[in-house]
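For what it's worth, my numbering labels the leading residue of the sequence shown as 7, then goes sequentially.
Using N, Cα and C, we set each Cβ at its ideal position, and we do this for glycine too.
What follows is a set of notes on a single structure, which appears directly below.
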Amino acid sequence: MTWDHHHRAALAHQERGEPLRARPHARLAREHAATAAQAAESALVMAWIAQQVGDHDAAVALIADARPALSGQLLARADCLHGLTLCMTAEHEAALSVLARAAKRLRDDHWRANALVGIGVSAGYLRRPAVAEDALDRAHALYLAQGKPERARTCLHNKGFVAAQAGDFSRALRLYDAAGIDETTRPEVLIDRANALLGVGLINSAGRALARAAVALGATGRGPAFAEATLAHAHRALLAGDPATAAKAAETAAGLFEEQGNSGWLAHAQAVRLRALGRTSSDVADRCEQAGWVAEAAELRLLAGRLDLVEPHRFAVEPGLRALGWLARAQAAGSPRAAFAACRAGGLGDSRLAAVGVDAAVSGGRPRTVFTWAERSRGVDAPTHREIGVALGDRELLDFYVHKGQLRTVSVFRGRFRDHVVGSAAAVAEAAESLRITSTLAARTGTAAATQRAARVLDAMLFTSSAIRELVVLPSPELSSVPWAALPSLAGIPVSVAPSAAAWLRAKQVPERTGPTAWIACPGLTHAAGEVTTLHARHGGTLVTGRESTVVNVLAAMSGAGLVHIAAHGRHHTAAPRFSALALADGPLRAQDIERLPEPPRLLVLSSCESGKADLLGLIAVLLDLGVGTVVASTLPVPDDLAVPLMTDLHERLAAGAGPAKALAGAQTAHGHLGFACYGSPG
């Protein structure tokens, strides 16, 4: 076999992401080299392979060995490989310099595009999105001009990575989908996807992606990517509240990076392990910052109480890093007023900032201030005290929140705010879970005694007065799946539930819709078609069933409707509600799809027993945010023999002019199934 044969074979395997198959051909090519130039070119291929399997020291040595015999374009190619190695070892400033020089000298469009991709990735890590996107766009155009669409798709994928580095995980996922890279040939893309999924809260989905990545990367010998997947698994475990698994996975990743001589990524893995163990290290923090892992360095310094080193990040471009800076400022504040100012400046959406604000508010002892910061802990600005008082009228609002392990509530009635302790948050959570479990079993078996006992226990914890008036409930996470109608104190009482006071107020202000009522039944539910057909015959409107219940048809029926009734299986993501979906005839209808509607429905009824198998509050928050006024749904399975009469009674009461909360309270009292709740406006 000739040098040319083995050289081409090595390149072909390497281009397909098969470094273990490429390596023997590269070695044979070097052995069969007829000239010093051929031997040097083979050394460059071997350096590329070494880079991919994680032997970075060997890659650098091979490039250095080849340089004396290189000139012109091969020398520029050596610079490109050196720059890509620096990129992989997290030496991004150096990588940018070397790759920029290589990109200017390379006349081969393929290798110039490779250098530009490296520039895009390193600039992404350094949080320079404009530089990154410009380089990736130029690489994309070069690959397309060469007739290499798969390579061009990697540029689109890497733009997703740049978006993720900037904290825009939803855009990252959209770009990954648009790129459509085959994960079987490029399993490393699964790591990027998993990290973005973690960013939007889809922890289980991220775990599945990482499991597939680990198998594929291990089989092909992709050492650096396998180590990155292991570190991503550690991040996942940390977010899932499993520090022991996180520490073990981070330790494994650190060992792999150390074997590869990858000091930049080693520091990152060590930082994650320390965070999982609740420890810190100034040395690891310093090395993280030097390698570009600025947020990891800030987290360690925050743990160490080095607030002075974290505060300067409060003006960072990246939202997460900026929030850490303001968190340090808030923790260092000498007064509640200074703490409030720092927490407000840090923006909405950071739970630790909100917790500092709530703590300062509770310490201050003013219920109105506590209400304001309890709202911010939900990621929203609170309505003014006057606005919420006027909107409530004769209703009472109960705003449940947790502070230092205690469940507390701010009650608002006729303009008066009160704050008091309910009890242990853990005990309330246990009682709420007991009610959920016994209610689910009762729906299947018809035995209600255990449910009634559990309901009395939780009721006694939450309500001290039997004179309960019409309520607006803002649940804490511990109470998010409570079937409120099952609590004895709330029997027959109209209750509206909302993710926040701001969401409830906005829902009340949704205008009437003039479009026809829509009755929708999707495949997979035996009772669904009969249910909606009966309701359609009684009340008129638009009927969509069976194979006609496609995403396009359902959205068309929903647009501008005053009332939409849907019987469909649902899949809900508690941590990432925008990715929740209803199963239609041709695929999922996601909550975010409703954004396409110029006028979302005012009232949405989800009657399927499957709609309530998970915490709905996150999904409801999205629907209300998108302009739906009221959602009626169940947090419990609904037996088929109860669903139809209950829904029939509900719609009779609505047609007679009752608001959703009052109509639902009456229907559930009459039919005995107490799992539905009215979310948003009570009507």
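Could you tell me whether the Cβ atoms of residue i and residue j are closer together than 8 Å?
i	j	result
P606	T636	no
A297	H274	yes
R519	A567	yes
P583	G552	no
L630	A524	no
W117	R157	no
L162	H146	yes
L398	S482	no
L590	V557	yes
R307	V316	yes
W490	V479	yes
A106	C93	no
H545	A661	yes
L333	R312	no
L531	A587	no
A639	A671	no
A252	V290	no
R328	E305	no
V427	L468	no
A563	T548	yes
A235	A219	yes
A75	A43	yes
N268	P230	yes
A28	R36	no
H19	H38	no
T286	A310	yes
A250	A233	no
A461	A432	no
Which one of the options has the shortest CA to CA distance from residue i?
i	options	result
V570	V634, A513, L648	V634
G395	T378, G411, T190, F419	F419
A240	G267, G153, Q276, L632	Q276
A534	T191, A301, S555, G205	S555
G355	A215, L330, L493, I572	L330
A109	S417, I125, A509	I125
V66	T95, Q79, E194	T95
V323	A15, A527, D10, D174	D174
V650	L632, H679, T641	H679
L272	G353, L648, I443, R293	R293
P193	A304, Q58, H13	Q58
P505	L17, S687, A72	S687
R199	A212, A32, T190, D188	A212
A507	D425, D387, A432	D387
H575	P529, V560, V408, S487	P529
S614	D599, Q598, G536, A367	G536
R459	I474, I443, T470	I443
A652	V550, D592, V538	Going by the sequence as given, residue 652 is Leu instead of Ala. Nearest C-alpha to L652: V538.
S487	A456, L181, P517, E439	E439
Q171	T190, D183, G153, A202	A202
Y685	L632, D655, E436, L610	L610
S341	T470, L17, S369	S369
P517	G689, L90, D314, Y182	G689
G270	A366, A178, H31, E99	E99
R33	A56, R22, A509, L181	A56
How close, in whole Å, do the beta carbons of residue i and residue j come, if the pair is a contact with beta carbons under 8 Å?
i	j	result
Y149	A129	Going by Cβ atoms, the distance from Y149 to A129 rounds to 18 Å, so no, they are not a contact pair.
E484	P500	So it is not a contact: roughly 23 Å between Cβ atoms.
A215	L196	5 Å
D69	L50	Just to set this straight, residue 69 is Ile in the shown sequence, not Asp. Between L50 and I69 the Cβ distance is about 7 Å, and since that is below 8 Å, they are a contact.
G423	R374	Just to set this straight, residue 423 is Phe in the shown sequence, not Gly. Contact holds; Cβ gap of about 5 Å.
C349	A360	7 Å
L404	L441	No, L404 and L441 are not in contact; Cβ-Cβ is about 17 Å, not under 8 Å.
V123	N164	6 Å
H138	G166	His is not the amino acid found at residue 138; the sequence shown has Ala there. About 11 Å separates the two Cβ atoms, so there is no contact after all.
L541	H391	41 Å between Cβ atoms; not a contact.
In chain order, each alpha helix (DSSP H) run of at least 4 residues that lies wholly inside the segment 423-480: Taken in chain order, the whole alpha helix (DSSP H) runs of length 4 or more contained in the segment 423-480 are 431-451, 455-468.
Those runs of the alpha helix (DSSP H) which lie wholly inside the segment 570-641 and span at least 4 residues: 623-631
Meets three-Cβ-pair contact criterion under 8 Å: the segment 381-388 and the segment 437-447: no
Runs of alpha helix (DSSP H) lying entirely within the segment 498-566, each at least 4 residues, in chain order: Taking only runs of at least 4 residues, the alpha helix (DSSP H) segments lying wholly in the segment 498-566 are 507-514, 534-545, 557-564.
Which whole runs of the alpha helix (DSSP H) in the segment 67-137 are 4 residues long or more, in chain order? Runs found: 78-94, 98-111, 115-131.
Can we say the segment 500-509 touches the segment 662-678, given the rule of at least three CB pairs closer than 8 Å? yes
At 4 residues or longer, and completely inside the segment 644-685: list those alpha helix (DSSP H) runs for me, N to C. 646-661, 666-677
Length-filtered (3 minimum) beta strand (DSSP E) runs lying within the segment 170-243: none
Ignoring anything shorter than 4 residues or poking outside the segment 298-322, list the alpha helix (DSSP H) runs there in chain order. 300-309, 313-316
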